[in-house]
Structure formats: C-alpha cells, structure tokens
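Encoded as structure tokens, the structure appears first; notes follow it.
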Amino acid sequence: MRLVTFRKPHKLGTHLGALREDGAVLDLAAVDPALAGGNMPAFIAGGAPALQHARAALARAPVAEDAVLCAPIPRPPKNIFCVGKNYHEHAKEFAGSGFDASAKEVVPEAPVVFSKPATAIIATGETIPAHLDPTGSTDYEGELAVVIGQGGRGIPAATALKHVFGYTIVNDVTARTLQHRHRQWVLGKGIDGFCPMGPAILTADAVPDPKALRVVTHVNGEKRQDAPVADLIFDIPTLIAAISAGITLEPGDVIATGTPVGVGIGFTPPQFLKAGDVVRVEVAGIGVLENPVG
Numbered sequence: 000m001r002l003v004t005f006r007k008p009h010k011l012g013t014h015l016g017a018l019r020e021d022g023a024v025l026d027l028a029a030v031d032p033a034l035a036g037g038n039m040p041a042f043i044a045g046g047a048p049a050l051q052h053a054r055a056a057l058a059r060a061p062v063a064e065d066a067v068l069c070a071p072i073p074r075p076p077k078n079i080f081c082v083g084k085n086y087h088e089h090a091k092e093f094a095g096s097g098f099d100a101s102a103k104e105v106v107p108e109a110p111v112v113f114s115k116p117a118t119a120i121i122a123t124g125e126t127i128p129a130h131l132d133p134t135g136s137t138d139y140e141g142e143l144a145v146v147i148g149q150g151g152r153g154i155p156a157a158t159a160l161k162h163v164f165g166y167t168i169v170n171d172v173t174a175r176t177l178q179h180r181h182r183q184w185v186l187g188k189g190i191d192g193f194c195p196m197g198p199a200i201l202t203a204d205a206v207p208d209p210k211a212l213r214v215v216t217h218v219n220g221e222k223r224q225d226a227p228v229a230d231l232i233f234d235i236p237t238l239i240a241a242i243s244a245g246i247t248l249e250p251g252d253v254i255a256t257g258t259p260v261g262v263g264i265g266f267t268p269p270q271f272l273k274a275g276d277v278v279r280v281e282v283a284g285i286g287v288l289e290n291p292v293g
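Take 0 as the starting number for the sequence shown in numbering that gives the first Met the number 0 and just add one per residue.
Structure follows, in structure tokens:
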C-alpha cells in the first residue's frame with residue numbers, strides 16, 4: 000500500500016490517502032472517520048489497527064479528483080536523519096571532488112549522520128529554490144528513505160526492520176560550497192526547500208527485502224544515478240541501530256540512507272543544478288519524486 004498526505008485547493012488542512020497505480024489519490028478518511036485528521040505520524044503511531052483501517056477503506060474510498068500531494072510526512076517528529084558517504088563509489092567520488100571537508104578517510108568507518116530541518120521538506124512537483132543558494136553550487140542526491148513505525152532507543156540491528164513502517168524517496172539537495180565551507184553540512188543541506196520527499200510511503204509489508212530496491216535519478220531526462228540499495232556501506236538495520244543507540248526514534252521519523260555515485264560534483268566540471276532543470280528520482284514500487292529547479 001502506498002500512503003500519501005494530500006490537500007485540497009483553497010482548503011485548510013491535510014488528508015490521509017492512498018496512491019493508486021494510475022496516479023489517482025484515494026481519500027481514505029471519506030469512508031472511515033477513524034482516518035480523519037491527515038496527520039501521518041499520528042496515523043503511524045496507531046500501529047497495526049490504523050493500518051487495518053486503511054486497508055479496509057481502500058476498496059470503498061473515492062478518488063479525490065482535486066488532490067494536491069504534500070510530502071508524505073510534512074513535519075516529522077524531529078529533523079530528518081541523513082547519512083553521508085554511504086555508497087562506496089559515491090564516497091570515492093565525493094573524496095575526489097574537493098568538496099569533502101568532513102574527514103580524511105575515503106570510506107567511513109562508522110555511519111556519517113547529520114540532519115536536515117523540517118523546513119527543508121517540499122513535495123513532489125514543488126520547486127527546488129536553488130536561488131536560495133548564494134554560491135550557485137546546488138546539487139542533487141537521490142536517496143531511499145526509511146520511515147520509522149514502532150519507536151524505541153537501543154534498537155538492535157537484528158530486529159531493526161521490525162521498527163520500519165515503510166519507505167519513501169528523498170532528494171538530499173545540497174549547496175556544495177556551503178557544505179564545504181561550514182564543514183558540519185547542515186547549512187549547505189538545510190536550506191528551505193532542499194529536501195523534496197515523496198510521492199508516497201510504501202508500507203514495509205510490500206518490501207520483503209529493501210536491499211532489492213534501486214535508486215535511479217535523472218536530470219533533464221539524462222540518467223545520472225542508478226544503484227541498488229544492496230550497495231549501501233552501512234545497511235538499514237545498522238543505521239537504525241547506530242542512530243537509536245542514544246536517540247529515541249519515534250513513529251514518523253525519517254532516515255535518508257545515502258546517495259549513490261553520480262551526483263553533480265562527480266563530473267568535470269561539476270554539473271550543478273540551474274533554474275529550469277528538472278530532477279526525477281525513482282524507486283520502483285514507491286513511485287517518482289520529480290521537482291523543477293527555480
């Protein structure tokens with residue numbers, strides 16, 4: 000099941016929906032008042048009973064003809080957790096780009112975790128505001144993201160996937176010069192609108208093996224990234240265990256797992272985004288996250 004958050008034009012509030020294969024949005028709350036409210040983290044916190052309500056509503060839910068997709072989780076419980084240099088070839092690409100001021104080793108010995116503020120989140124179709132990057136070095140990073148279901152602290156890797164509610168797509172848009180200049184990355188990666196997310200959350204029951212998923216990114220129709228999640232240096236259970244070792248994860252928390260080789264700084268000269276470009280990130284089963292650049 001692909002769950003979405005949507006709104007209706009000229010109306011306040013958001014709604015919980017399901018995304019059909021043909022792109023139509025089903026209004027789940029229209030047939031089940033228990034699904035009203037449109038708060039995805041609260042729905043996720045409802046656990047198995049909430050999912051049962053959603054599945055039961057699917058067959059009867061009407062199409063929301065005027066639905067406008069929001070990010071599936073417009074406001075996570077805390078900042079979006081992100082992981083840097085988590086594909087071998089991208090780690091090498093980044094180390095050789097001249098923009099990596101984070102560490103000397105090419106391949107990290109432990110997960111490189113940072114965060115993006117919730118104010119960076121935008122939906123599929125919304126414009127990436129590259130004009131907010133004063134350095135003109137805006138880059139793309141297509142990524143698979145994990146949505147936490149059952150929360151906890153000290154989650155062992157062996158049982159970590161039981162804490163996953165589902166999977167979505169994130170574009171970890173980055174102002175490379177700011178990332179390098181400030182070293183801690185948050186200023187270069189936390190700009191408003193620099194975290195496209197969506198279009199939906201594919202529930203974990205539909206993903207028996209997340210390593211089988213594949214991240215594919217196109218810029219203006221040109222394929223730039225194409226890699227299996229199996230290529231992660233630190234896999235999803237390891238990331239959940241590392242982050243939750245001292246930080247309590249909550250329902251609706253989002254972990255972006257890292258980007259594959261093929262980002263703009265991997266080219267000579269770098270291929271930064273400019274106004275008028277279109278970035279498309281696809282993960283089969285989840286859908287397509289597509290954003291123009293402005």
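Every residue gets a Cβ at the ideal spot worked out from N, C-alpha and C, and that includes glycine.
- Within the DSSP secondary-structure output, F5 pairs in a beta bridge with H14 and L68.
- A Cβ-Cβ separation of about 21 Å leaves A117 out of contact with R152 under the 8 Å criterion.
- With a cutoff of 8 Å on beta-carbon distance, G12 and V24 are scored as not near each other.
- The three-state reading of DSSP puts F193 in coil, since its state is none of H, G, I, E or B.
- The three-state secondary structure of T247, taken from DSSP, is coil.
- In this structure, the straight-line span from the alpha carbon of R182 to that of N38 is close to 35 Å.
- G192 and V253 have their alpha carbons spaced roughly 16 Å apart.
- Excluding the 5 residues flanking it on each side, A119 has same chain C-beta neighbours closer than 7 Å at G189, I190, D191, G192, F193 and C194, in chain order.
- Here the alpha carbons of G284 and H89 stand approximately 24 Å from one another.
- Here E104 is exposed. Its C-beta has fewer than 16 other C-beta atoms within 10 Å.
- P8 is positioned such that its CB atom lies closer than 8 Å to that of V67.
- Here K84 is buried. Its C-beta has 16 or more other C-beta atoms within 10 Å.
- Between the stretch 161-169 and the stretch 135-150 there are three or more inter-stretch CB-CB distances shorter than 8 Å, so the stretches are counted as touching.
- For P291, the uninterrupted beta strand (DSSP E) segment begins and ends at G286 to P291.
- With contacts defined by Cβ atoms closer than 8 Å, V215 and S114 do not form a contacting pair.
- With a minimum length of 3 residues, the unbroken runs of beta strand (DSSP E) contained wholly in the stretch 17-60 fall at 24-26.
- The way I'd put it, the stretch 169-178 does touch the stretch 131-146; three or more beta-carbon pairs between them come closer than 8 Å.
- A direct Cα-Cα distance of roughly 15 Å separates I127 from P198.
- Linking A44 to G141 through their CA atoms gives a straight-line distance of about 27 Å.
- When the five nearest sequence neighbours on each side are left out, the beta carbons in the same chain lying within less than 7 Å of the beta carbon of A28 are those of H14, L15, L34 and A35, in order along the chain.
- For the stretch 82-146, the full-length beta strand (DSSP E) segments reaching 3 residues or more read 111-115 and 120-122 along the chain.
- Short of 7 Å from the beta carbon of C69, and not among the five residues preceding or following it, lie these beta carbons of its own chain, in chain order: T4, F5, R6, T13 and A122.
- Annotation: the continuous beta strand (DSSP E) that includes T167 extends over V163 to N170.
- The Cβ-Cβ distance between G263 and F271 falls below 8 Å.
- Cβ-Cβ distances below 8 Å link D225 to R213, V214, V215, T216, P259 and G261 in the same chain, with the five nearest sequence neighbours on each side left out; the list follows chain order.
- Here DSSP, grouped into helix, strand and coil, assigns D204 to helix.
- Excluding the 5 residues flanking it on each side, P71 has same chain C-beta neighbours closer than 7 Å at L2, V3, T4, M39, T167, M196, G197, A199 and I200, in chain order.
- The DSSP-derived three-state label of R180 is helix.
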